[in-house]
Structure formats: C-alpha cells, structure tokens
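In mature numbering (1 follows the signal peptide of the UniProt record, and there is no 0), the protein residues as written are -21 to -1, 1 to 762.
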Amino acid sequence: MRSKTLPLAIALALASIAAQAQQAAQVLPRPPEPFAGRIAPDKAQSTPAWPKQVKAAEGAPNVVVVLLDDVGFAQSSTFGGVAETPALEALAQNGLSYNQFHVAALCSPTRAAILTGRNHHEAGFGNVAGASAGFPGYNSVWAKDTVSLAEVLRQNGYSTAAFGKWHNTPEWEITPVGPFDHWPTSLGFEFFYGFHGGADNQWEPRLFRNTTAIEPKATPQQGYHLTADMTDEATRWLRNVDAVYPDKPFFVWFAPGGTHWPHHVPKDWIDRYKGRFDKGWDALREEIFARQKAKGVVPANAVLTPRPPELPAWDSLPAEQRRLLAREAEVTAAYLAYTDYQVGRLLAEIRAQGKGDNTIVFYIVGDNGAEANTALLGRDLVSPDGTPATVAERVRRIEELGGPAFDNQVGSAWAWADNTPFQYGKGIPAYLGGTRNPLVVSWPKGIKDRGTVRSQFSHATDIAPTIYELAGIRFPQKVEGVDQVPLSGKSLGYSFDEPRATSRRSLQYFEIRGTRGIYKDGWWAGSRLVTQGANSALNQAPFGTRKWELYNLDEDFTQSRNLAEQNPGKLAELVAAFDKEAWANDVYPLAPDAGVGRPSLTAGRKLFTYRAGVGRIPSRNGPDVTRRAHSIRAGLDLSGQGGDGVIIADGGRWGGFSLFVKDGRLSYEANAHGHRSGYIVASERLPRGKVQVEFRFEPDGPVSSASAAPAAAGPGQPQPAVPGTGRLYVNGKQVGEGRISKIAYGSYDTLDIGADLGTPVSGEYKVPFSFSGSLDTVQVELL
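1) Can you tell me whether Lys721 is buried or exposed, with buried defined as 16 or more other CB within 10 angstroms of its CB?
2) Can you list, in chain order, the residues of its chain whose CB lies under 8 Å from that of Pro287, leaving out five sequence neighbours each side?
3) Using the rule of at least 16 other Cβ atoms within 10 Å of the residue's Cβ for burial, across every protein chain shown, is Ala(-1) buried or exposed?
4) How big is the Cα-Cα spacing for Asn600 and Phe142?
5) If you measure between the beta carbons of Asp359 and Leu380, is that distance less than 8 Å?
6) Would DSSP call Gly140 helix, strand or coil?
7) For Ile249, name the three-state secondary structure that DSSP assigns.
8) If Val709 and Leu617 are in contact, beta carbons under 8 Å, what's the gap, nearest whole angstrom?
9) Going by Cα to Cα distance, which pick from Ile627, Arg185, Gly635, Leu296 is closest to Asp755?
10) For the segment 182 to 191 and the segment 286 to 302, state whether three or more C-beta atom pairs, one from each stretch, are separated by less than 8 Å.
11) Is the beta carbon of Val625 sitting closer than 8 Å to the one on Phe639?
12) Rounded to a whole number of angstroms, what is the C-alpha to C-alpha distance between Glu68 and Pro88?
13) Can you tell me whether Thr353 is helix, strand or coil according to DSSP?
14) How close, in whole Å, do the beta carbons of Val310 and Leu7 come, if the pair is a contact with beta carbons under 8 Å?
15) Can you pull the DSSP bridge partners for Val361?
16) Around the Cβ of Lys585, are there at least 16 other Cβ atoms within 10 angstroms (buried) or fewer (exposed)?
17) From Val757 to Ser741, what does the alpha carbon distance come to, in whole angstroms?
18) Looking at the secondary structure, which residues open and close the alpha helix (DSSP H) in which Phe557 lies?
19) Secondary structure at Glu101, three-state DSSP: helix, strand or coil?
20) With a floor of 3 residues, list each beta strand (DSSP E) that falls wholly inside the segment 569 to 610, ordered by position along the chain.
21) Is the beta carbon of Gly717 closer than 8 Å to that of Ile659?
22) Kindly list the residues whose CB is nearer than 8 Å to the CB of Asn541, restricted to its own chain and excluding five residues on each side of it in sequence; keep chain order.
23) Taking the alpha-carbon of Leu132 as reference, which of Thr366, Gly167, Asp346 has the nearest alpha-carbon?
24) Taking buried to mean at least 16 other C-beta atoms within 10 Å of its own C-beta, is Gln620 buried or exposed?
25) Compute the Euclidean distance between the alpha carbons of Leu217 and Gln463, then round it to the nearest angstrom.
26) Do you know whose CA, among Trp422, Phe171, Pro235, lies nearest Asp476's CA?
27) How about Thr238 and Leu47: are their beta carbons less than 8 Å apart?
28) For the ligand HEM, is there any heavy atom lying closer than 7 Å to the beta carbon of Arg664?
29) Do the CB positions of Asp728 and Gly630 come within less than 8 Å of each other?
30) May I ask you to list the residues that DSSP assigns as paired with Thr729?
31) Rounded to whole angstroms, what is the Cα-Cα separation between Gly254 and Ser485?
32) Just to confirm my understanding: we take Thr414, look at its own chain, exclude 5 residues before and 5 after, and list those with CB closer than 8 Å. What are they?
33) Distance, Cα to Cα, Leu75 vs Val370?
34) Could you check how far apart the C-beta atoms of Lys272 and Ala281 are, in whole angstroms? I think they sit under 8 Å.
35) Would you call the segment 434 to 453 and the segment 465 to 474 touching, i.e. three or more CB-CB distances under 8 Å?
36) What are the boundary residues of the alpha helix (DSSP H) that includes Ala69?
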C-alpha cells in the first residue's frame, strides 16, 4: 500500500520546523508587510520598526547536492566497482543507497531536472546547451516558469552557492559581459565558482568567480588541479557563512568535472591503480557483477547482460592495445577516486563546523552513465589531421596520460563495463546504462534506517521536491510575477524509514536526441535512434529508428529479456504513454536540428575590432578564421622599452592561432590538434615607434562561405583542412611568407588580446606572454 504520511522519524525531525515556521509563501518574493511601528510628526511620538528579514525555519537542514559527471553505475567501489570511493561509502553506511534512481542520460538535461524539479524538456534542456534548437523543449533558455531550487531556497532564508561545472547557460550568453540572466548568480546562487560548458581542462581551466573571468591560482607544475581548487573555494565559502551567519542554513551545489573527459588527474593517484585493469573488461565485469550482488545493490536474481557484438573480447586484442586500454582505465578510476576524495574534504569541513548531523547530502554518482559513444581505443594523442595517432605512438607516451599535455578519454568498451550490469551508456535513454545512476542520501538527524538499499523507482526530478519537503517549504505558485509549472518530481521522504514502501512514481518518460524510453507501472519500453558519423564503436548500425523493445523491470532488473514480441499489447500501451508524455512535456519534435537560426553574436559580421585588455571571449563568439581568407591588423607603439608578446591569440594547446612578437620579430603560428601546422617569422625586426602589422591568409582554392561562429572540435573530431599561404606585413611591406596546412580550434581556450590566456597556442613562449609594448586596436577581417 502506498504510504500516505511521512515516516515517524522524519515527522519528528521536522516537527520543530513546522511549529515555528510562518505560513509558507505561495508567492515569491514575499509581499512587503505593513509598517509595524508608529509614525507621528514628532520623532519622540514615533516608533521605529524594521522590515522583517527572511529567515528559514529554526532547525531547517543544510543541503548539499554532489553531482558527478559521466560516471557509470559500476565505477565506484560503493556499487561494486574498482575506483575506491570512501566518502561515498561512508555516506552509504550512514544513509541510504538508491539502486533505481534515474537521470536524463545527458548532462544539461539531468542538471535542469535536478535544479527545477521538472522534466528536462519543460525547462528547455532537451539536449546539452551547446546543441540547442529553436523549439520550447530544446532552446537552452532556462524558462522563468521553472524556477530553480536555489532561488526558492534563497528566498526562504538559505545561503546558496554553486561550485564546479555549469552547463545550463545559452552559449551565446557566455561572454565577459553577459547577459547574465541565465548564469548561476541570476538563478538563485549567491556565489558561483567554476566553469561553463560541458567540459574543461582540469589543469588549466577557464574559471569564473560569479560573473568575472579569472585565471587559476597556480600552474599544474605547482600542483594546481581544478577539483581541489573548487573544494578549497567551497570550504572558504562555508567558513564565511559560518562566521557571519552561523545559524543560517546553506545549500551547496557541488558539481566536479570528474569523470567527464578530459580525464585529468595527478599521476600519483593513477599509479595506485596500476595493474588493476589488466584482466580486461570481460573478466572485471563478471567480478563487479558478483560484488554488486554481494552488496545488495543488484538483486540476487539479476542477469548480467552480454557484451554487445560491436565490442571485441578483451583477449582478442593485441597486447599493445591491451596495454594502452588498461592504462586508460587506470586513469579513469583514479579520476573518480580523486574526485571522491575532494568530496570527502568538503563534507569533513561541514562536520568540523558541527553541522554534519543536520546536513542532508544527496550524492548523485553521475549525471548520466559512462560515455560509451567513443572510439574503442579511446582518445588522447592525435595526428596533425585530427585522426588518432598510431597505437605505438600512443603507447610511447602512455605515462603522460592524465597529465596537462593530453585531452584524454577512455574507450567505449571500458565505458560499457563501467555501466555494469546494464546495456549501453550516456546519451542512450532507451537503456538503463545511460539512465540509472547510484544515489546515496545521508541525513543523520532525520534518517534512522542506515546502511540499507532503497529500490523505489525514482528520478532526478525528485531531488527538489524532497528538499522542499524536508526544509518545510511550500512550493510557490508564482515567482517574480510568473505562474510556475507544477513540479514533476515526487519527494523521496516517504522512503527514508520505509524500505518497502511502494514507489510513488508510476510513470516517467526519457528522451535524448531522438532515442526514447518510457517507464510505466514496472514496465519499460525503449527505442534507440542510431545516428551517423559519430566516432563510436557502439554506433555502427545504419541510420534510422530501431524497433521498440519491452522489458518487465519488476522481474528483470538489468533489461536482459526483450518481451516486445511476446507482449505486443503492453508495448503498444507504453508507446502510447510515451506519445502522451511527449506532447505534455515539449518533447516534440524529436531530434531537432541544432543551431538553425540560433542567436549569434557574430552572424553576418565581417570586421571584428578589439582593444587592449579584451580577453576570455569563447572562440564560438569570435570570428571563425579556420576555413576562409582573412586579415589580422594591429597598431603597435614600440616607442618605449620592450615590444615582445602576444598581439592576438585564439585557442590553445590543442588548436588555434597566435600572432605575436618574439625577439623583436613579428611571428605567426597555427596549431591543429596539438601540432604546429604553420609557423612564419618576419625576416627583419620591427622598427621602433608606431608600427602597423598585418597577417593575411589566402586559401589555396575557393572555399564555401563559412559561418562566423566556429564549432570547436575535440580530439578525434577533425575539422576539414583548408590549406593556404600566410603572409606577414610591417607598415605595408611583406616581411614573411609560409604554408599553413590547417587552422583548427581546439577545446576549452579563448580569444585574447595582448596575451595568451589558458594554455599556449605556441611552444615559442610561456603563457600569458603579455605584450610589453603599447597595443592600440586589433582588427580581424573575414575576406
């Protein structure tokens, strides 16, 4: 029977909150109260009164949501995996482990679902923010009628802060000057420290403090790593809150980059896992499955799904490939262990402040399953044309994997094993490998049944309603004058002290990029849309929609038996349910074309003018010079001492270009996929005084007109090469000429004037290599 009331332990924990709280607001912000004092002409006859400050109810719990990235169900030791996760383990021993918790199968959608309590399409995030489309369910514009969890908590007396990855801002709004309407600080977070986008360099990231771009505090050589840095920042913020408002509850959103690529982690952590993956994915998957059953996170009658035919047996691979793949897995495991260690540091700080007992922690182990949509051999070192280097070349540098020189990612077969016991992974919500991730909930003051497993079907949208219930907050019907879309999720509070309580969820749809899934009353139906062109060992089927499959999850925990042919009536029922949910949640049209008509800061522009001090402009929001003739002109004043340094740089270690002065000579370098693809040095030194310099690029042949907004290509995702000739000019005189085989943007880095921020485009200097002369304007013209 479905529970109608809150469990006794929870009710007692919230009794004092309910007794002391004012009637929760139906409207936010709360309307101003009438003046409670007295006003007379004479101040002696007047009585002052101050507006009441918004305060949370006494005893309201602190809230921490930890959200890891691209982690499979089986990666953590807590759920049977190899990577040691003692912080997660400690929470599980003192809290509850949910083994049927589900996410949206992709990054931005899951985050939107957690932070709004609505389905991801309702919030405008049917896809990642970088692949938005011009339909309500896909535009990546956080709708005002889906207020964030942080905003509701803030207006109910909480201090709020977000740390780490933020992937829910439209790409065209990620600039040094905003607009900031859809940044964390405009969505309820009073403080933000982290990065925008799906991924970032963990050694040399593009950081923001609130809305201000900043540079990392140290270098990789000095021991810097973003995950440790964001933990330090979160600790500092918590100490400030405790110093100023010791009794004010807080909400911390802690979203590290781990284990999304790039898999960057200190080498001493990697070496701890040497040899741990030499058995290969087939043997380890069997061992992990056995441990999962022993731990009770997988039922005893569960069946291990077989290896997909697209993936080879481990023992069939050449020894050199096995060596490379084993090291990739060691790096990934180390990254998860290192990330969990930093989570442990954060939670230790809360306990040290004496606030651990009344802090509820939601530790969500992945915003989707491990990413199996990659090449079999993963990716790291690439050739100048953007294709993977040979295995022999990669093995020669195997000890550097995870370090600053690499933008590396584990291969698809290991990712599949990381999702044990399920099929497939990230981005494929037709199967549980992409949608079922571990959730551990700990709240010492409120949860008494500890160290046990909960198997209620639950979803990312359930997190916000749970927090509202435990904090004694009535969800507002109107915020900032906008009527709110009702919550889609259901509070998990009913399950805390009732391990066998019936799930309050009987229906939940899933959809990402045309792949569909639907859960209804214990049954699951799914249909995978197979796309063309992806660099994936698991994506080899012809384009089109596969048939719907049907599974009885009440009897088949792992989706091992497709019952579509045996039960066509049930399948038809679920397909119809998906269609109904799709219409109700802005899911249609399926898989809309990304980017068509998308707002752009550069569309139609041919001339871009920049002045000294401009920087941290994402490459996509600057001129795309990769596939067309162009000119770069700059005015320099070399009247004083100096004159070396970067004039303009766009990109970084894995792709871009830089125009700079070194040893008094104008120089240009193009970088494609981490390789020098063009280098020109002037034949004579620059004269003193005011100087006009120019670089011109002419392609070898006619090139179709390109968009002015470049799309950064990660390693293994080559852009079309457009070779040509580059020429340098000083005061109109040609002083250099050379071949440019390719100009290609890499991941992460930005366009900067007068310096090269982030990683260096060129090996001829060390960043930032700030220009030491006087720089007037820099103009980039697309010809």
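Don't be surprised by glycine CBs; every beta carbon is placed ideally from N, CA and C.
According to the structure shown:
1) Residue 721 sits at position 742 when you count from the first residue of the sequence shown. Its Cβ being crowded by 16 or more others within 10 Å, Lys721 is buried.
2) Position 308 of the sequence shown, counting from 1, holds the residue named residue 287. So the qualifying residues of the chain are Trp395, Gln402, Tyr403, Leu517.
3) Walking along the sequence shown from the start, residue -1 turns up at place 21. Unreliable positioning characterises Ala(-1) in this predicted model, as indicated by a pLDDT of 43, which lies under 50. A coordinate reading is not provided.
4) Stepping through the sequence shown from its first residue, residue 600 is reached at position 621. Stepping through the sequence shown from its first residue, residue 142 is reached at position 163. C-alpha separation (whole angstroms): 24 Å.
5) For the purposes of this step, residue 359 is identified with residue 380 of the sequence shown, where counting begins at 1. For the purposes of this step, residue 380 is identified with residue 401 of the sequence shown, where counting begins at 1. The answer is yes: Cβ separation under 8 Å.
6) In the sequence shown, the residue the question calls residue 140 occupies position 161. Note that residue 140 corresponds to Ala in the displayed sequence, not to Gly. In this structure, Ala140 counts as strand in the three-state DSSP scheme.
7) In the sequence shown, residue 249 corresponds to position 270, counting from 1. Ile249: helix per DSSP, three-state reduction.
8) By one-based count along the sequence shown, residue 709 stands at place 730. By one-based count along the sequence shown, residue 617 stands at place 638. Contact flag wrong, Cβ pair sits at about 11 Å.
9) Residue 755 sits at position 776 when you count from the first residue of the sequence shown. Ranking Ile627, Arg185, Gly635, Leu296 by Cα distance to Asp755 puts Ile627 first.
10) no
11) Working through the sequence shown from its first residue, we reach residue 625 at position 646. Working through the sequence shown from its first residue, we reach residue 639 at position 660. With respect to Phe639, Val625 sits close: the two C-beta atoms are nearer than 8 Å.
12) To locate residue 68, count along the sequence shown from 1; it is residue 89. To locate residue 88, count along the sequence shown from 1; it is residue 109. One alpha carbon belongs to Glu68, the other to Pro88, and they sit about 27 Å apart.
13) Translated into positions along the sequence shown, residue 353 becomes position 374. Reduced to three states, the DSSP call for Thr353 is coil.
14) Translated into the one-based positions of the sequence shown, residue 310 becomes position 331. Translated into the one-based positions of the sequence shown, residue 7 becomes position 28. Not confirmed; about 45 Å, so no contact.
15) Counting from one through the sequence shown, the residue named residue 361 turns up at place 382. BP columns for Val361 point to Pro367.
16) Here residue 585 is taken as the residue at index 606 of the sequence shown, counted from 1. With fewer than 16 Cβ atoms within 10 Å of its Cβ, Lys585 is classed as exposed.
17) Taking the first residue of the sequence shown as 1, we reach residue 757 at position 778. Taking the first residue of the sequence shown as 1, we reach residue 741 at position 762. Using only the alpha carbons, I get a separation of about 19 Å.
18) Residue numbering aside, residue 557 sits at position 578 when the sequence shown is read from its first letter. That run of the alpha helix (DSSP H) goes 547 to 563.
19) As a working mapping, residue 101 is identified with position 122 in the sequence shown. Note: Glu101 maps to coil in three-state DSSP.
20) 586 to 590
21) Locating residue 659 in the sequence shown gives position 680, counting from the first residue. Locating residue 717 in the sequence shown gives position 738, counting from the first residue. Yes, they are a contact pair.
22) As a working note, residue 541 is residue 562 in the sequence shown. Answer for Asn541: Glu528, Leu529, Tyr530, listed in chain order.
23) Within the sequence shown, numbered from 1, the residue matching residue 132 stands at position 153. The option with the nearest alpha carbon to Leu132 is Gly167.
24) As a position in the sequence shown, residue 620 is number 641, starting the count at 1. Per the 10 Å Cβ criterion, exposed.
25) Against the sequence shown, residue 217 aligns to sequence position 238. Against the sequence shown, residue 463 aligns to sequence position 484. As the crow flies, the alpha-carbon of Leu217 is around 31 Å from that of Gln463.
26) The residue given as residue 476 occupies position 497 in the sequence shown. Of the candidates Trp422, Phe171, Pro235, the one whose C-alpha sits nearest the C-alpha of Asp476 is Trp422.
27) Residue 238 sits at position 259 when you count from the first residue of the sequence shown. Residue 47 sits at position 68 when you count from the first residue of the sequence shown. Pairing Thr238 with Leu47 gives a Cβ-Cβ distance under 8 Å.
28) The ligand HEM is not part of the structure shown, which contains no ligands of any sort.
29) Taking the first residue of the sequence shown as position 1, residue 728 is located at position 749. Taking the first residue of the sequence shown as position 1, residue 630 is located at position 651. Yes, these two residues count as a Cβ contact at 8 Å.
30) Here residue 729 refers to the residue found at position 750 when the sequence shown is read from its first residue. According to DSSP, which records beta bridges pairwise, Thr729 is partnered with Pro597.
31) Working through the sequence shown from its first residue, we reach residue 254 at position 275. Working through the sequence shown from its first residue, we reach residue 485 at position 506. Their backbone Cα atoms lie some 44 Å apart in a straight line.
32) Position 435 of the sequence shown holds residue 414. For Thr414, where only same-chain residues beyond five positions count, the Cβ hits under 8 Å are His81, Val82, Ala83, Ala84, Asn347, Gly348, Pro408, Phe489, Gly496.
33) Residue numbering aside, residue 75 sits at position 96 when the sequence shown is read from its first letter. Residue numbering aside, residue 370 sits at position 391 when the sequence shown is read from its first letter. One C-alpha to the other measures close to 44 Å.
34) Numbered from its first residue, the sequence shown carries residue 272 at position 293. Numbered from its first residue, the sequence shown carries residue 281 at position 302. At roughly 7 Å, the Cβ-Cβ gap stays under 8 Å, so Lys272 and Ala281 are in contact.
35) yes
36) Here residue 69 refers to the residue found at position 90 of the sequence shown. 65 to 72 is the extent of the alpha helix (DSSP H) around Ala69.
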